[in-house]
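**Student:** For the sequence shown, our numbering begins at 1446 and goes up steadily by one.
Before I ask anything, here is the structure I am working with.
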Amino acid sequence: MEKSKVQALSSLRKIPKINEKKIHLDSLKLFNRLIIFAQRDMTVETSLAYELTPFPLSLFSNKDQKMNKANKAGFSKTSLKELTDPLDLTNQSCSTLVVDGGWLLYMVKWEQGQTWQEIANSYLSYVQCLGRRSQKTIVVFDGYSRSPKDHDHIRRTKKSCCDLQIRPDMIHWTPRAKFLDNTNNKSELIHLLSSTFRKHNITVEQCDNDADTSIVREALATATDDSVEVRAEDADVLVMLVHHIPSTNHPLFFTTSKGSYDVRRIREALSERERCYLLFCHAFTGCDTVSAIAGHGKTTLFDRFCAGDIDEHMDIFLDTQATKDAVIQAGTTIFQYIYHAPGTALGEIRHNMFSRKAAAGLIKPETLPPTEGAAAQHSLRAYLQTQDWILLQSMSLNPSDYGWTLGVHGYEPVPTLDPMAPEELLQFTSCNCNGDCSNRRCSCKRNGVKCISACGVCKGISCKNCGHDGGESGEDSEIDS
């Protein structure tokens, strides 16, 4: 049966651009295509000063074009939790329990056919059970105003439902996962939970945006006078607690689904250098608002950073008065250190690594370091996040000045401000034929490559050189007629 030309909704995904031209092409194919042209028209070394891909693959995923996701849980386990033995707090009372409300939302199962008030009462029972050993319970909820966390919220969203208004007496029919994937629905539920909790003497705080810094502030404020337990799963909270915990005789415990840990003991097990640079290392090597660096794990980099001789550059990220130029220069130097080439320009490192990998016949652009421009934006995002954690204040600086841009769906990371490829190479990535691209008058055909959506007339879909068969990737499909 002949396929219809009607596109499935899945084909309307975001298409990357190079110099405002949409490039509907796999990044690896584009990289190899531009390298071939560069060998003919310029030196490869010159061309590798550019990413040669629609976005920096060392920092962004080729699958969804979002920032590389970091293994935060693995880092907190190997670098922090394993420094001490987990504790059994069954018979240990704490003056105050601080609960991460974002985690709490996913801990209670819902039954379809329940009213929203019945669901809220289930959450109340769960929190009361958590706080049975505490004199006071504080629940801290996220707010969902615009912030760099927007990028991570979008990443986690899969198939959400539409916006719903809820009342205590209304019956719920929507699956929990779909309901909670919509941030407006979360806000509606948080409003009902807050009202229910407060009626039962449970303190509730809802932040303007991310709750992590508020959770830590609440815990630290109480720990100066009495014992505190923090119930959360996010590694960011543990990292901040370890960094900020004061010298006090009052215990501060961090409890996850895997066990409870004495934060003071973790801090004492770290060296002075590790304590000093923990926040910076956690941010620069990847977190919710900063890309992980392809091929470089957080734990390995943390150990290298703390054992190396780059203190003066890491100190820049801890300086609340640092200029953006200083941050960019420090970040570039740290990237040189990561790729074992201190003092060597990133473009030169890219060329040297490319030459070695080309000789072995295996070139993956994500294994090359980012270009100067991509490293600069990464460094600015890392500085912004480090400062938020140091000051315990979300949005302490304007994200638009530090590697983010405000788009339709919230803040989006800026991959780089530099061109992704030289202009003289971009002309070879597409044709402008008036014919069917079936002969060598077509520059794409002449160069042995398929037409793409950046081509001026055919758009890579209406010629004999398009090579399309239901789309260029598994996500593009057509509807059978």
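All C-beta atoms in this analysis are idealised placements derived from N, C-alpha and C, irrespective of residue type, glycine included.
Tell me the DSSP secondary structure of K1466 in three-state form.
**Tutor:** At K1466 the pLDDT is 47, less than 50, meaning the model places this residue with poor confidence; the figure from the coordinates comes in the next sentence. In the structure shown, K1466 sits in a strand (DSSP, three-state: E or B).
**Student:** Please name the residue, chosen from T1619, E1663 and D1545, that lies closest to V1572 on a Cα-to-Cα basis.
**Tutor:** D1545
**Student:** Please specify which runs of the alpha helix (DSSP H), each continuous and at least 4 residues long, are wholly inside the segment 1658 to 1733, giving them in chain order.
**Tutor:** 1680 to 1689, 1708 to 1714 and 1717 to 1729
**Student:** Below 8 Å on the Cβ atoms is my contact criterion, and I expect T1648 with T1730 to pass it. Report the Cβ-Cβ distance as a whole number of Å.
**Tutor:** Wrong, their Cβ atoms sit about 35 Å apart, outside the cutoff.
**Student:** Reducing DSSP to helix, strand and coil, say where K1909 ends up.
**Tutor:** coil
**Student:** Looking at the structure shown, is M1759 part of a helix, part of a strand, or coil, going by DSSP?
**Tutor:** helix
**Student:** Would you say A1714 and L1851 are within 8 Å of each other, going by their C-beta atoms?
**Tutor:** No.
**Student:** Output needed for K1594: all residues of its chain with C-beta closer than 7 Å, excluding positions within five of it in sequence on either side, in chain order.
**Tutor:** N1654, D1655, D1733 and T1734
**Student:** With a 10 Å radius around its C-beta and 16 neighbouring C-beta atoms as the bar for buried, classify G1806 as buried or exposed.
**Tutor:** exposed
**Student:** Are the C-beta atoms of E1527 and some chain C residue less than 8 Å apart?
**Tutor:** The chain labelled as chain C is not found in the depicted structure, where only one protein chain is given.
**Student:** When DSSP labels each residue in this structure, what does S1800 get in the three-state scheme?
**Tutor:** helix
**Student:** Any chance the segment 1541 to 1557 sits against the segment 1855 to 1865, with 3 or more Cβ pairs inside 8 Å?
**Tutor:** no
**Student:** Tell me whether the beta-carbon of S1570 lies closer than 8 Å to the beta-carbon of E1674.
**Tutor:** no
**Student:** Using a threshold of 8 Å, state whether the C-beta atoms of M1685 and V1661 are closer than that.
**Tutor:** yes
**Student:** Determine the burial state of P1844: buried for a count of at least 16 other Cβ atoms within 10 Å of its Cβ, exposed for fewer.
**Tutor:** buried
**Student:** Look at L1493 and F1780 and say whether their C-beta atoms are less than 8 Å apart.
**Tutor:** At the C-beta level, L1493 and F1780 stay beyond 8 Å of one another.
**Student:** For K1644, which of helix, strand or coil comes out of DSSP?
**Tutor:** coil
**Student:** Taking only runs that begin and end inside the segment 1824 to 1898, name each unbroken beta strand (DSSP E) of 3 or more residues, in chain order.
**Tutor:** 1849 to 1852 and 1855 to 1858
**Student:** Return the chain-ordered list of same chain residues with a C-beta closer than 6 Å to the C-beta of G1901, the five sequence neighbours on each side being excluded.
**Tutor:** N1877
**Student:** Using a Cβ-Cβ cutoff of less than 7 Å, which residues in the same chain neighbour N1629 once the five nearest sequence positions on both sides are dropped?
**Tutor:** D1608
**Student:** Once the 5 residues before and after K1517 are set aside, which same chain residues still bring their CB inside 6 Å of it?
**Tutor:** A1680, listed in sequence order.
**Student:** Do the CB positions of R1826 and Y1847 come within less than 8 Å of each other?
**Tutor:** Contact: yes.
**Student:** What are the boundary residues of the alpha helix (DSSP H) that includes T1491?
**Tutor:** Counting along the chain, the unbroken alpha helix (DSSP H) around T1491 starts and ends at V1489 to S1492.
**Student:** Would you call the CB atoms of A1739 and S1524 closer than 8 Å?
**Tutor:** Not closer than 8 Å, so no.
**Student:** Smallest Cα separation from S1521: which of S1540, E1678 and C1574?
**Tutor:** Put simply, of S1540, E1678 and C1574 the residue whose alpha carbon is nearest the alpha carbon of S1521 is E1678.
**Student:** Excluding the 5 residues flanking S1538 on each side, which residues of the same chain have their C-beta closer than 6 Å to its C-beta?
**Tutor:** Around S1538: R1578.
**Student:** By how many angstroms is the C-alpha of L1763 removed from the C-alpha of K1909?
**Tutor:** 57 Å
**Student:** Could you check which residue in K1743, P1696 and F1750 has the C-alpha nearest to that of S1716?
**Tutor:** F1750
**Student:** On the criterion of 16 or more Cβ atoms from any shown chain inside 10 Å, does I1835 qualify as buried, or is it exposed?
**Tutor:** Taking every protein chain shown into account, the CB of I1835 has 16 or more other CB atoms within 10 angstroms, so this residue is buried.
**Student:** Between the segment 1634 to 1641 and the segment 1504 to 1513, are three or more C-beta pairs nearer than 8 Å?
**Tutor:** Counting Cβ pairs under 8 Å, fewer than three are found: no touch.
**Student:** Determine the direct distance from the alpha carbon of I1808 to that of E1817, and round the result to whole angstroms.
**Tutor:** 20 Å
**Student:** Would you list the residues sitting across from H1650 in a DSSP beta bridge?
**Tutor:** Per the sequence presented here, residue 1650 reads as Glu, with His not at that position. The secondary-structure analysis by DSSP pairs E1650 across a beta bridge with V1585.
**Student:** Helix, strand or coil: how does DSSP classify C1539 here?
**Tutor:** strand
**Student:** Near T1789, which residues of its chain fall below 7 Å by C-beta distance, leaving aside the five closest residues on each side in sequence?
**Tutor:** Q1781
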